[in-house]
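Novice: Mind looking over this structure? Questions follow.
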Amino acid sequence: MYQLLTDSACDLPRQTLEEANVAFVSFHFNVEGQDLTDDMGGSYELKDFFEKIKRGVMPSTSAINVGEYVDFFTPYAKAGTPVAYIAFSSGLSSSFEAATEAKAMVLEQYPDAQIELVDTLAASAGEGRMVLEAIRLQKEGKSLAELVAWFEENRLRLQEWFTVDALDYLYHGGRVSRTSAALGTLLNIKPIMDVDPGGHLRVEAKVRARKRSLMVLGDKILAALPADPQQPVLIAAAGDYAAANEVRDHILSQAPDANVTVGDIGLTIASHTGFGCVAAFVMGAEKRQ
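Read left to right, the sequence shown gives residues 1 to 289 (full-length UniProt numbering).
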């Protein structure tokens, strides 16, 4: 049997990973001059973090480095345990490149090791949604090769939609210009964003008013849901659970049997979105373009 691995940007509950025996490696963040590890709530309270970013504190993050990946992969290689690392999008972080370099280094010492790196081309609970698929495939008895082949064929079917309440963090992260951020704030513009086929965040539309942006997220999920009406639908929030519940309720008003779960956007992703980001994830029938 192979071991499933992921990282702390997957924004699943830590308990979910533990129950499925999925190990994770941590990103890092700095808030108010303090260097910390994103261990998925093990040592830092999300509530405290959300209160800080709600006040406008601007954290920074750093990717998982090559040495950390070497340390992460080596025990499995040494034990002869094949692994599948379900990774954060290569289009949003240098971490996947570091994992690739680390794999090569580990294979130099353990040439018979099996280390499969799966670029989800996804972010936040979108990556988490892909981890859930990996768990499902493993439980169904799929081989490591079959799991990797499934991801190659199906990962772009993931539909991932985001909106933010304020544009400051997108400007700070270089996602929008200063002019766009200022004008958008003045006009109460809320961006609707998704992730392109290369795994990069992009603005897909702009709408007026917060409530309208939340309804658009719900509509996007409803449009994709018929591909598998009973599948897990993940909604993630950076502190604003009332807004996330509005998206959930909108979905359930038209698809009352939908399997919708509301969770958290974790420390790493929320550092770049700010307080109030809401995201929604579902597997669609068609690959995103």
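Glycine included, each C-beta is placed from N, C-alpha and C at the ideal position. No experiment lies behind these values; they were computed from the predicted model shown.
Kindly say whether Asp11, judged by its beta-carbon, lies nearer than 8 Å to any beta-carbon of chain B.
Specialist: In the structure shown, chain B cannot be found, because there is only a single protein chain.
Novice: Measuring CB to CB, does Phe27 end up less than 8 Å from Ala77?
Specialist: Not closer than 8 Å, so no.
Novice: Pairing CB atoms from the segment 118-135 with CB atoms from the segment 147-156, are three or more of them under 8 Å?
Specialist: The answer is yes - the segment 147-156 touches the segment 118-135, with three or more Cβ pairs under 8 Å.
Novice: For Thr179, which three-state DSSP category applies?
Specialist: Reliability fails at Thr179, whose pLDDT of 44 lies under 50, so the model's placement of it is uncertain and the value that follows must be treated cautiously. Three-state DSSP puts Thr179 in a helix.
Novice: Whole-angstrom Cβ separation of Leu107 and His200, contact assumed at under 8 Å?
Specialist: Contact doesn't hold; Cβ gap of about 29 Å is too wide.
Novice: Tell me whether the segment 227-239 and the segment 207-215 touch, counting them as touching only if at least three CB pairs, one residue from each stretch, are closer than 8 Å.
Specialist: Because the criterion of three Cβ pairs below 8 Å is not met, the segment 227-239 and the segment 207-215 do not touch.
Novice: I'd like to know whether the C-beta atoms of Ala125 and Lys220 end up nearer to each other than 8 Å.
Specialist: For Ala125 and Lys220, no; Cβs fall outside 8 Å.
Novice: Mind reading off the beta-carbon distance from Tyr241 to Val216? Whole number of angstroms is fine, and I expect it under 8 Å.
Specialist: Incorrect: roughly 19 Å between the Cβ atoms, too far for contact.
Novice: Using only the alpha-carbon positions, how far apart do Gln230 and Asn259 sit?
Specialist: Taking the straight line from one Cα to the other gives about 6 Å.
Novice: Taking the beta carbon of Glu127 as the centre, do at least 16 other beta carbons fall within 10 Å, making it buried, or is it exposed?
Specialist: Label assigned to Glu127: buried.
Novice: Who are Val195's beta bridge partners in DSSP?
Specialist: Answer is Leu201.
Novice: Within 10 angstroms of the Cβ of Arg55, are there 16 or more other Cβ atoms? Answer buried if so, exposed if not.
Specialist: Exposed is the call here.
Novice: Is it a yes or a no for the segment 5-21 touching the segment 262-279, going by three-plus beta-carbon pairs under 8 Å?
Specialist: A contact exists between the segment 5-21 and the segment 262-279.
Novice: Please report the straight-line C-alpha distance between Ala224 and Arg288, rounded to a whole angstrom.
Specialist: The straight-line gap from Cα to Cα measures roughly 11 Å.
Novice: At the level of alpha carbons, what is the spacing between Leu187 and Ala166?
Specialist: At Leu187 the pLDDT is 46, less than 50, meaning the model places this residue with poor confidence; the figure from the coordinates comes in the next sentence. One C-alpha to the other measures close to 12 Å.
Novice: Hey, quick one: how far does the beta strand (DSSP E) through Thr163 stretch, first residue to last?
Specialist: Unbroken beta strand (DSSP E) run through Thr163: Leu158 to Thr163.
Novice: DSSP three-state label for Tyr44, please.
Specialist: In the structure shown, Tyr44 sits in coil (DSSP, three-state: anything other than H, G, I, E or B).
Novice: Taking only runs that begin and end inside the segment 107-164, name each unbroken beta strand (DSSP E) of 3 or more residues, in chain order.
Specialist: The qualifying runs are 115-119 and 158-163.
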